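The structure appears below as structure tokens.
Take a look at the structure:
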């Protein structure tokens with residue numbers, strides 16, 4: 112049972128979070144367009160309704176209340192049409208909605224972290240109500256007398272249901288409301304929907320007392336849920352959907368209302384005319400339903416508690432840990448496969464045609480399996496990027512800057528763990544750009560000959576083994592002199608000021624505790640941003656670079672390796688050691704003659720291939736390995752390339768291509784700065800030996816430092 | 407459980423040992439494995455020990471300090487191996503058939519140490535542990551104890567060993 116609850120909570124969190132995200136996106140788009148479409152309103156309404164329903168089911172009352180009030184608000188908007196809102200109202204509405212979704216999200220994260228929920232959300236709900244009151248009051252002159260009559264009841268005027276529930280309506284409106292209220296299936300002509308005060312408790316018993324009181328006064332009616340007396344679970348249904356009384360005549364209904372309105376603990380009620388019945392009697396087409404007995408409908412309210420799950424995408428959510436296990440197992444399969452096919456036992460056999468055929472087939476299948484498993488973990492970065500929309504929007508208002516956010520390549524897919532870890536860094540950078548990247552005033556921008564509207568560009572692109580995410584703004588850029596002065600003040604300079612190059616100055620921006628902004632604002636300036644960015648990105652093996660031109664803006668580039676769990680590698684031998692070079696880095700391998708080798712002034716070897724000169728790095732000298740092969744003609748050159756580095760490695764021999772599973776190096780070795788020696792991991796070969804995986808980029812740097 | 411945890415649980419001591427070690431009598435013992443390296447006898451708490459292995463093929467790692475001999479594949483787990491002799495600044499000797507590797511797990515950091523020979527497992531009483539004289543403190547030794555047969559066992563400080571500071 113516990114497990115079931117956990118799953119339900121997981122489902123709830125997943126669903127609510129995705130709904131909120133969807134809502135945020137919708138609001139951003141709508142605000143950009145400056146208007147809500149009818150579809151938007153319906154969508155918001157549906158989202159809020161689902162959140163309300165599921166929150167009530169999970170007994171998260173704060174979430175339920177907020178969602179409930181927003182639902183009311185949009186119920187009104189939907190009923191009265193969008194034209195009833197003027198521009199200022201729309202502005203307020205958007206702000207209100209953003210704040211509400213924030214609040215909802217905050218509450219959801221409290222649920223996630225197992226913290227107690229806020230028990231008081233009155234501030235927000237009252238704000239929503241007063242907004243609803245404002246728009247509905249302005250509507251009043253246009254509206255029917257009924258609304259006036261209702262709103263003149265001062266006692267209940269603060270109840271949104273009341274305001275939005277005129278007694279007589281057109282059939283259309285009634286129909287909408289019937290659907291909304293999810294009225295029970297009944298042939299009575301009138302429904303009276305009641306809500307008890309929030310949090311009054313024992314709703315089912317209160318309902319039971321209510322019906323006893325009404326029955327005493329001789330009224331005839333049915334009620335839903337029907338089994339309130341015996342089934343305490345109906346409580347939740349009543350809280351969420353209300354308690355229904357059904358009447359055959361409007362006279363009965365009226366007299367019931369007069370009694371109900373005198374009772375305590377009734378928060379709101381509404382009378383709904385049953386359109387279904389009206390239509391049925393009018394058309395006489397509808398198959399007559401059997402008279403409804405109380406027992407027959409007991410299950411109806413329970414069934415309708417299910418969420419209206421949107422059926423948009425054919426997706427399932429899977430626990431990430433399971434996926435990680437799958438990836439690990441597939442990795443082991445790849446190793447085992449090569450262990451089997453290269454087993455020494457079968458080397459001596461003859462007539463292996465069918466065996467080879469079978470292993471080729473196996474190889475193909477494991478390759479496919481691996482590709483699929485890897486793609487399972489890939490998710491588009493759009494989720495992270497869309498969140499930035501929201502940040503830009505909020506800061507735009509707060510800082511009074513006109514900025515647009517351009518997103519490029521949001522469908523770029525990266526490993527899930529990477530997406531999770533780049534969200535915060537990107538947010539920091541976008542905030543920085545908004546706060547002190549873009550000029551403070553439009554005049555400044557015009558004076559600099561720029562478009563009055565600032566622009567922040569967020570782009571993601573793929574290379575063969577990296578994702579490049581660039582955050583670019585066209586603000587006033589970074590002033591090197593200012594950075595230097597600030598760095599001096601903070602005492603983080605390590606050499607004389609005039610020895611710093613432009614690149615080094617910009618690198619100072621990433622140092623801990625550095626902020627060029629003199630004033631600490633709500634968003635940035637505390638100097639904790641950029642070094643956190645750097646740390647987060649480096650944690651996933653990436654790099655951060657900053658480029659900037661004074662007056663033209665600044666660009667922060669994050670380079671992050673794609674998931675590297677399994678790579679195609681070339682096994683090479685140097686002395687007794689075996690190394691793996693990722694195939695993606697290898698351009699070519701070839702034998703050379705001694706006379707082809709050119710020497711520079713320091714005696715370093717250089718080779719010419721394809722009309723370009725490349726340095727030769729001898730692994731046996733770099734790593735100090737005993738090898739019999741030191742003559743350049745005996746070994747082989749492997750031309751490798753990574754990033755902007757291209758060079759040749761001198762190795763003893765090529766052993767063959769193999770897929771390898773990258774194992775991280777032991778933690779202990781990290782304290783020796785092993786990453787800087789050109790080694791990025793190791794792998795276990797089919798025979799159980801270890802091969803060291805070379806990092807082509809860092810290897811070059813390591814060689815460079817040594818010579 | 408590490409040695410420190412054991413110590414902190416013991417309160418109400420009748421006799422305050424040096425270096426803040428407390429003892430509540432003969433129950434305050436811990437099992438130590440002793441091994442020999444360069445004619446010194448060291449002890450390491452059995453709480454850290456995973457296993458003792460011999461004859462394992464070590465893959466050398468380039469650009470490492472000389473005492474880091476390389477890494478081994480211990481049933482799929484990559485474990486770094488260091489030579490305690492070299493780590494302590496002694497001269498290297500040819501490995502013999504008594505040479506073996508003690509694989510330790512110190513706060514989930516795996517490390518294997520090459521020692522000249524493994525001796526025995528002892529119950530060591532905390533109250534008997536004395537600190538090292540300040541002027542010849544050794545970085546990897548957290549205390550010493552003399553045994554009934556007049557031998558002295560140096561207790562290895564495994565945290566310092568893996569933290570490398």
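Protein chains in written order, with our numbering: chain A, 112 to 818; chain B, 407 to 571.
Cβ coordinates follow ideal geometry from the N, Cα and C atoms, glycine included.
Computed from a prediction, not measured in an experiment: that's the story for all the values here.
Cβ-based burial, residue i [other Cβ within 10 Å; buried from 16]
i	result
residue 539(B)	exposed
residue 334(A)	buried
residue 257(A)	Summary for residue 257(A): the model assigns pLDDT 41, below 50, so the residue's position carries little reliability; its value from the coordinates is reported in the next sentence. Residue 257(A) should be labelled exposed.
residue 475(A)	exposed
residue 554(A)	exposed
residue 381(A)	buried
residue 530(A)	buried
residue 615(A)	exposed
residue 269(A)	With a pLDDT of only 40 at residue 269(A), under 50, the local geometry of the prediction cannot be trusted, and the value read off the model is given with reservation. So residue 269(A) ends up on the exposed side.
residue 197(A)	exposed
residue 182(A)	buried
residue 515(A)	exposed
Chain-ordered chain B contacts of residue i [CB-CB under 7 angstroms]
i	result
residue 777(A)	477, 484, 485, 486 and 516
residue 795(A)	479 and 482
residue 428(A)	Near residue 428(A) there are no residues of chain B at all, since even the closest Cβ is about 30 angstroms away, more than 7 angstroms.
residue 788(A)	468 and 469
CB contact flag (residue i, residue j, <8 angstroms)
i	j	result
residue 504(B)	residue 489(B)	no
residue 790(A)	residue 801(A)	no
residue 499(A)	residue 537(A)	yes
residue 685(A)	residue 763(A)	yes
residue 535(A)	residue 647(A)	yes
residue 561(A)	residue 585(A)	yes
residue 347(A)	residue 167(A)	yes
residue 718(A)	residue 766(A)	no
residue 212(A)	residue 124(A)	no
residue 542(A)	residue 550(A)	no
residue 761(A)	residue 729(A)	yes
residue 446(A)	residue 795(A)	yes
residue 527(A)	residue 661(A)	no
residue 501(A)	residue 438(A)	no
residue 464(B)	residue 447(B)	no
7 angstroms CB neighbourhood of residue i in its chain, flanking five on each side removed
i	result
residue 454(B)	510, 511, 512 and 564
residue 130(A)	158, 161 and 162
residue 609(A)	none
residue 568(B)	512, 515 and 517
residue 757(A)	725
residue 479(A)	none
Within chain B, partners of residue i - CB distance below 8 angstroms
i	result
residue 780(A)	467, 470, 474, 477 and 486
residue 774(A)	484
residue 804(A)	Under the 8 angstroms cutoff, chain B gives no residues; its nearest Cβ is about 12 angstroms from residue 804(A).
Own chain partners of residue i with C-beta closer than 6 angstroms, once the 5 adjacent residues on each side are dropped
i	result
residue 668(A)	581 and 656
residue 797(A)	449, 450 and 453
residue 806(A)	789 and 791
residue 693(A)	678 and 680
residue 188(A)	152
residue 405(A)	Because residue 405(A) carries a pLDDT of 40, less than 50, the predicted location of this residue cannot be relied on, and the following value inherits that uncertainty. Cβ within range, chain order: 337.
8 angstroms Cβ cut-off: residues of chain A touching residue i
i	result
residue 463(B)	800
Beta-carbon neighbours of residue i, restricted to chain A and to distances below 9 angstroms
i	result
residue 509(B)	Chain A residues near residue 509(B): none, gap ~12 angstroms exceeds 9 angstroms.
residue 521(B)	Under the 9 angstroms cutoff, chain A gives no residues; its nearest Cβ is about 17 angstroms from residue 521(B).
Beta-carbon proximity list for residue i, same chain, < 8 angstroms, skipping 5 on both sides
i	result
residue 735(A)	none
residue 452(B)	436, 437, 438, 439 and 527
residue 643(A)	535, 536 and 539
residue 360(A)	300 and 301
Residue i: contacting residues in chain B (beta-carbon distance under 9 angstroms)
i	result
residue 453(A)	Within 9 angstroms Cβ-Cβ: nothing; residue 453(A) doesn't reach chain B, min ~17 angstroms.
residue 783(A)	467, 469, 470, 471, 474 and 570
Any non-hydrogen atom of the ligand COA within 7 angstroms of residue i CB
i	result
residue 191(A)	Summarising the ligand content, the structure contains no ligands, and the ligand COA is consequently not present.
Anything in the region 729-740 of chain A with a Cβ closer than 9 angstroms to a Cβ of chain B? List those residues in chain order, please. 730, 733, 734, 735 and 736
* Asked: Which residues, in chain order, does the region 442-461 of chain B contribute to contact with chain A at a C-beta distance below 7 angstroms?
  -> none
* What are the residues of the region 670-696 of chain A that lie near chain B, defined by any Cβ-Cβ distance shorter than 9 angstroms? -> 687, 688 and 689
Checklist line | Short-range partners of chain B found in the region 207-239 of chain A, where Cβ spacing is below 8 angstroms | finding: none
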